[in-house]
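Visitor:
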Amino acid sequence: MRFIAAPTDPDSMLATDMVPTKTDHFAFLAGGGELGCLVAGFDWASTSLGPIATWPQSLKTSISLILRSQVPIVTLWGTDGVMIYNDAYAIFAGGRHPHLLGSKVREGWPEVADFNDHVMKACLAGGTLAYRDQELTLNRSGKPEQVWLNLDYSPVLDESGEPAGVIAIVIETTAKVAAERWQKSEHDRQRQMFEQAPGFMSVLSGPDHVFEVTNAAYMQLVGHRNVIGKPVREALPEIAGQGFYELLDQVFTSGEAFVGHSLKAELQRSLDAPKEDRIIDLVYQPMRSPAGETIGIFVQGIDVTDRLIAEQALRQSEVQFRTLAEAMPNHVWTASPDGMLDWFNPRVYEYSGAAPGELDGQGWARIVHPDDTPNAAQRWSDALSTGVFYETEFRLRSEDGTYRWYIARAVPIRDDAGAIVRWIGTNTDIDDQKQAVQALRESERRLKLSQNAAGIAALELDIATGNVFGSEGFWDLWGLSQRDSVHISVLESIVVPEDKDIRSNEETRKQGSAVPNVEYRIRRPDTGALRWLSRHIDFVRDETGKPTKMFGVMQDITDRREAQARQELLTHELEHRIKNILAMVSAIASQTLRNTDIQTASATFNERLRALANAHDILNRTRWTSASIREVVGNTIAAFRTEQISVSGPAIPINPKMALTLALAVNELGTNALKYGALSTPEGRVTIEWSLQKPESGETQLLWLWRESGGPAVTPPTRKGFGRFLIERVLGADFGGAVQLNYHLGGVECILTAPPPQLSNAR
Amino acid sequence: MIDNPATVLVVEDEAFLLFAIADDLRVAGFAVLEASSSDQAIRLLETHPEISLLFTDIDMPGSMDGLKLSVAVQDRWPPVKIIITSGKHQPDRNVLPAGGVFLPKPYSPEKVAATIQQLLQ
Chain C
230 MRFIAAPTDP DSMLATDMVP TKTDHFAFLA GGGELGCLVA GFDWASTSLG PIATWPQSLK
290 TSISLILRSQ VPIVTLWGTD GVMIYNDAYA IFAGGRHPHL LGSKVREGWP EVADFNDHVM
350 KACLAGGTLA YRDQELTLNR SGKPEQVWLN LDYSPVLDES GEPAGVIAIV IETTAKVAAE
410 RWQKSEHDRQ RQMFEQAPGF MSVLSGPDHV FEVTNAAYMQ LVGHRNVIGK PVREALPEIA
470 GQGFYELLDQ VFTSGEAFVG HSLKAELQRS LDAPKEDRII DLVYQPMRSP AGETIGIFVQ
530 GIDVTDRLIA EQALRQSEVQ FRTLAEAMPN HVWTASPDGM LDWFNPRVYE YSGAAPGELD
590 GQGWARIVHP DDTPNAAQRW SDALSTGVFY ETEFRLRSED GTYRWYIARA VPIRDDAGAI
650 VRWIGTNTDI DDQKQAVQAL RESERRLKLS QNAAGIAALE LDIATGNVFG SEGFWDLWGL
710 SQRDSVHISV LESIVVPEDK DIRSNEETRK QGSAVPNVEY RIRRPDTGAL RWLSRHIDFV
770 RDETGKPTKM FGVMQDITDR REAQARQELL THELEHRIKN ILAMVSAIAS QTLRNTDIQT
830 ASATFNERLR ALANAHDILN RTRWTSASIR EVVGNTIAAF RTEQISVSGP AIPINPKMAL
890 TLALAVNELG TNALKYGALS TPEGRVTIEW SLQKPESGET QLLWLWRESG GPAVTPPTRK
950 GFGRFLIERV LGADFGGAVQ LNYHLGGVEC ILTAPPPQLS NAR
Chain Y
93 MIDNPATVLV VEDEAFLLFA IADDLRVAGF AVLEASSSDQ AIRLLETHPE ISLLFTDIDM
153 PGSMDGLKLS VAVQDRWPPV KIIITSGKHQ PDRNVLPAGG VFLPKPYSPE KVAATIQQLL
213 Q
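Chains as they are written, first to last, in my numbering: chain C, 230 to 992; chain Y, 93 to 213.
(1) Start and end of the beta strand (DSSP E) containing S855 of chain C?
(2) For F623 of chain C versus V597 of chain C, is the C-beta distance shorter than 8 Å?
(3) On the DSSP bridge assignment, give the partners of Q969 of chain C in chain order.
(4) Going by beta carbon distance, what residues of the same chain come within less than 8 Å of D644 of chain C, once the five residues before and after it are set aside?
(5) Using the beta-carbon count (16 or more within 10 Å), is W377 of chain C buried or exposed?
(6) How is R507 of chain C classed by DSSP in three states: helix, strand or coil?
(7) For D131 of chain Y, would you say it is in contact with chain C, using Cβ-to-Cβ distances shorter than 8 Å as the test?
(8) Over the uninterrupted beta strand (DSSP E) stretch that includes W935 of chain C, give me the two end residues.
(9) Could you name the residues of chain C that F111 of chain Y contacts, counting a contact when the two beta carbons are closer than 8 Å?
(10) Can you tell me the Cβ-Cβ gap for L477 of chain C and H438 of chain C, rounded? I've got them flagged as a contact below 8 Å.
(11) Which stretch, first to last residue, makes up the alpha helix (DSSP H) that contains F344 of chain C?
(12) Who are the Cβ neighbours of L848 of chain C in its own chain at under 7 Å, not counting the five residues just before and after it?
(13) Hey, I457 of chain C and F429 of chain C: beta-carbon distance below 8 Å or not?
(14) Comparing C-alpha positions only, which one of C:L358, C:L258, C:G952 and C:G702 sits nearest to N315 of chain C?
(15) Among the candidates C:A892, C:F573, C:I320 and C:F954, whose CA atom is the shortest distance from the CA of H845 of chain C?
(16) Which complete beta strand (DSSP E) runs does the stretch 695 to 776 of chain C hold, if anything under 3 residues is left out?
(17) Between C:I685, C:G708 and C:I717, which has its C-alpha nearest F698 of chain C's C-alpha?
(18) A564 of chain C lies in the beta strand (DSSP E); which residues open and close that run?
(19) My understanding is that Y1027 of chain C touches A397 of chain C, with C-beta atoms under 8 Å, so please give their C-beta distance in whole angstroms.
(20) Can you tell me whether I208 of chain Y is buried or exposed, with buried defined as 16 or more other CB within 10 angstroms of its CB?
(21) Counting beta carbon pairs with one atom in the stretch 297 to 309 of chain C and one in the stretch 269 to 278 of chain C, are three or more of them shorter than 8 Å?
(22) Give me, in chain order, the residues of the same chain whose beta-carbon lies closer than 7 Å to that of D506 of chain C; leave out the 5 immediate sequence neighbours on both sides.
(23) Is it the case that the Cβ atoms of L125 of chain Y and L110 of chain Y are separated by a distance below 8 Å?
(24) What's the call for T250 of chain C, buried or exposed, on a 16-neighbour Cβ count within 10 Å?
(25) Between H140 of chain Y and T99 of chain Y, how many whole angstroms is the CB-CB distance? I'm expecting something under 8 Å.
(26) So, at 6 Å on beta carbons, what are the nonlocal neighbours of Q922 of chain C in its own chain, with the 5 sequence-adjacent residues on each side left out?
(27) Which class does A693 of chain C belong to by DSSP, given the choice of helix, strand or coil?
(28) Which first and last residues belong to the alpha helix (DSSP H) in which Y905 of chain C is found?
(29) Would you mind reading off the limits of the beta strand (DSSP E) that contains I442 of chain C?
(30) Our contact map puts D589 of chain C next to L570 of chain C with C-beta atoms below 8 Å; I'd like the distance itself, whole angstroms only.
(31) Can you list, in chain order, the residues of the stretch 175 to 188 of chain Y whose Cβ is nearer than 8 Å to any Cβ on chain C?
(32) Using the C-alpha atoms, what's the distance from Q213 of chain Y back to E214 of chain Y?
(33) Does the beta-carbon of R760 of chain C have 16 or more other beta-carbons within 10 angstroms, so that it is buried, or is it exposed?
(34) Please report the straight-line C-alpha distance between V248 of chain C and A407 of chain C, rounded to a whole angstrom.
(35) Counting contacts by CB-CB distance shorter than 8 Å, is F108 of chain Y in contact with chain C?
(36) Measure the Cβ-Cβ separation of V395 of chain C and V341 of chain C and say whether it is below 8 Å.
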């Protein structure tokens, strides 16, 4: 501050320093605050006003007045508008103070020089000016600033009655204007919201409900008729009798709000338009004066007609869906987006016997077969999370506890925004198909199994190309590695040359004249084994009757052929045996009965038949293929004193003829030993031994030995009986060897030497 | 007959039967040759022109059964008389060689001896 040397208390300054030295001239400044001191200390001689001592009284009076005012006031003196102001104005002037004091107004406020020039001219011409909320841009603190001011200008007259200066009262209204502006914009905004609100709104005033304001939605509702300023009964005559007037009256008189939903109103979009049914939700809100009395009604509502129509359409489609779903033979169900089932058609309840509600949510799992539940739950959860098609198969329990297979499918229903609003699902009974498929699969499996078990293979020949396609077992049958197909020539080369006329050939295949059922031999490429195959074929022909394909089944029948051959051999052998049995029995009888008394002969005959029968028993057990020497010997000697007989030798197989003869021979030897030899006394012993022996020189030989010891002294018989005939002649002949019968003194000895028994020369 | 016994060839693959009937026929006064197969029988016929009668079984192993043997004998040695035997049913007349006699098994040695006598008279 330039005048900082002055005392801070203006009163004491005036009283002590200034007033005593400049008595009369400065008296008007006493009590003039900070500015009073500043005015007193200013060098006014440098201005157009001249020194204070020269100031006219009117100037002094004016300054004295303003300095004491709390209102910001400035005086502008002379045509220059020299500025003198008070403390309040100093605050308003901001950074311009204090050098604004004594400056010319046009220079002091250069940014508003034009404005002030106009003020000066007008007021010095005797006029007054007043501005309310005058917007000016001032530069009070180094930067431009928008301010709003209430300005009052009036001239100050000098002693001669001429305007000498201007007194300006300056009140800043910036804050007030800002508040007002905000309020207005807020009001505008509300007004806009009101106007643009989707619901319809109007303000009705007075007991006659005169339209004061309506918004666009309301105008649309009433068909853009001009209703403003009209009472409702006049503005909307078509709603008479629908109760709205009465409701308004009631709200107005009672002061209580009315809230209505889905009210039906018949409206005309214009006066000459037909009446339309609209459904509206509305609120009649009474408006009260500050005194609390009802002065009007705020009407607010929504035309819900379209929404209701949409809802009704939805309900309708829902009803249609239900109707359809309930009529469907399938199970139909629906679920919420979170997967909770919430509706089932009657088929589900009929089938499951479940009570309504029992299957809701996740309760449906209760009728799913426990084995199928985890999979179904997993698929359902997957479908829910991905929002795509749901499909699974499971068994559902019916009321009687049995399960049937169902295929469950569901699709999501989405709204316009793509969000899932519902799942609709069906369960379709596929039990019969499932069973059929199962049965087919099983029958195919059985067929395959039985084919495999039976060694049956299938083939398909394309006659044009000669390509043979075989089943799994086909290749094994032919001794070939697994493959899809082979050329027929490969198979033809496997068939043995001797059977080439039995198998089909190119000619017979082309003509379809190949013999349908044949059996031929192949030489397996893998093992080289000779095998018998049976083959059955059938031809598929085109429309001209020309064979195009040859289908067939094949079987390795080697074992069967061998068995057949064996069977034929056996049958032949058996026939032969049986044929000769009677002849043998007859011969035995003839031999036995000769030269003896009938009683002895009868006993002997029975023993011989028994020996024969024993041998037959053995042969029957082996189906007349073979018997072993041990069996034959053991069985035959069982009739004698076995504790005195020792038997040792390997189980060498012999053919049926040998077996029968050996049995008869052992019987004869035993009988003789019992009557005359080692078995006639307890001390006697019989040793039966046999073995295959290979001498130093010569072939392997069968050596069979019967040796008696410890019995009575032996004398050779005088005549040849049946026994000797059989042993010496037949036994040797049947074994293809020779028999030696020795009558040693110590006991009979019988030695059979023969080639190793051959089973194949069965007879 | 004792001084100049007729020679009979018995063909039978069953040794027991062969030897039994052969022994029986010897007892009955015939000279008997034994064969257990057709092949053996042919060899005996070739070396024993004294054979005047063939007594053969039908069912025998080998390339030639009793019927074929009979046909062959009739063809090569027409004077030889033929008796055929079998345990199976009697063969048709037309397969038997002309003049051949069939005896079913089992036969009694006496019946065989008598038939031979009859044929050789």
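Just so you know, even glycine gets a beta-carbon here, dropped at the ideal spot from N, CA and C.
Guide: Checking against the coordinates, here is how it stands:
(1) Segment: none, S855 of chain C is in no beta strand (DSSP E) and carries neither H nor E.
(2) Between F623 of chain C and V597 of chain C, the CB-CB gap stays under 8 Å.
(3) In the DSSP output, where bridge partners are listed per residue, Q969 of chain C has C:I980.
(4) For D644 of chain C, where only same-chain residues beyond five positions count, the Cβ hits under 8 Å are V650.
(5) Residue environment for W377 of chain C: buried (at least 16 other C-beta atoms within 10 angstroms of its C-beta).
(6) When DSSP states are grouped into helix, strand and coil, R507 of chain C belongs to the strand group.
(7) Under the Cβ criterion of 8 Å, D131 of chain Y is not counted among the residues facing chain C.
(8) For W935 of chain C, the enclosing beta strand (DSSP E) starts and ends at Q930 to S938.
(9) Near F111 of chain Y (Cβ distances below 8 Å), the residues of chain C are F954, R958, V959 and A962.
(10) Going by Cβ atoms, the distance from L477 of chain C to H438 of chain C rounds to 5 Å, so yes, they are a contact pair.
(11) Residues A342 to L353.
(12) Its chain contains A856, P885 and A888 as the residues whose beta carbon lies nearer than 7 Å to that of L848 of chain C, once the 5 sequence neighbours on both sides are disregarded; these appear in chain order.
(13) Taking a C-beta distance under 8 Å as the contact criterion, I457 of chain C and F429 of chain C do not qualify as a contact pair.
(14) C:L258 is the residue among C:L358, C:L258, C:G952 and C:G702 whose C-alpha sits nearest the C-alpha of N315 of chain C.
(15) The candidate whose alpha carbon is nearest that of H845 of chain C is C:A892.
(16) Listed in chain order, they are 696 to 699, 714 to 716, 746 to 752 and 759 to 770.
(17) F698 of chain C has its Cα closest to that of C:I717, out of C:I685, C:G708 and C:I717.
(18) Start and end: H560 to A564.
(19) Since the first residue of chain C shown is 230 and the last is 992, residue 1027 of chain C is not available in this structure.
(20) By the neighbour-count rule (16 or more Cβ atoms within 10 Å), I208 of chain Y is buried.
(21) Put simply, the stretch 269 to 278 of chain C touches the stretch 297 to 309 of chain C. At least three CB pairs are less than 8 Å apart.
(22) The beta carbon of D506 of chain C lies closer than 7 Å to those of K493 and E495 in the same chain, with the five residues before and after it left out.
(23) Cβ atoms of L125 of chain Y and L110 of chain Y: not closer than 8 Å.
(24) In this predicted model, T250 of chain C has a pLDDT of only 47, less than 50, meaning its place in the structure is not dependable enough to derive any value.
(25) Sure, about 7 Å apart at Cβ, within 8 Å.
(26) So the list reads Q930 and L932, once near-sequence residues are dropped.
(27) If DSSP states are grouped into helix, strand and coil, A693 of chain C belongs with coil.
(28) Looking at the DSSP string, Y905 of chain C is not in any alpha helix (DSSP H), and its letter there is neither H nor E.
(29) This sequence places Val at residue 442 of chain C; Ile is not what is there. That run of the beta strand (DSSP E) goes V439 to T443.
(30) Yes, D589 of chain C and L570 of chain C are in contact; Cβ-Cβ is about 6 Å, under 8 Å.
(31) Under the 8 Å Cβ criterion, the stretch 175 to 188 of chain Y contributes S178, G179 and K180.
(32) Residue 214 of chain Y is absent from the model: chain Y starts at 93 and stops at 213.
(33) Burial call: buried.
(34) Confidence in V248 of chain C is poor, its pLDDT being 44 and thus under 50, which makes the residue's placement unreliable; the coordinate value appears in the next sentence. Approximately 46 Å, taken between the alpha carbons.
(35) Yes, contact with chain C.
(36) Not closer than 8 Å, so no.
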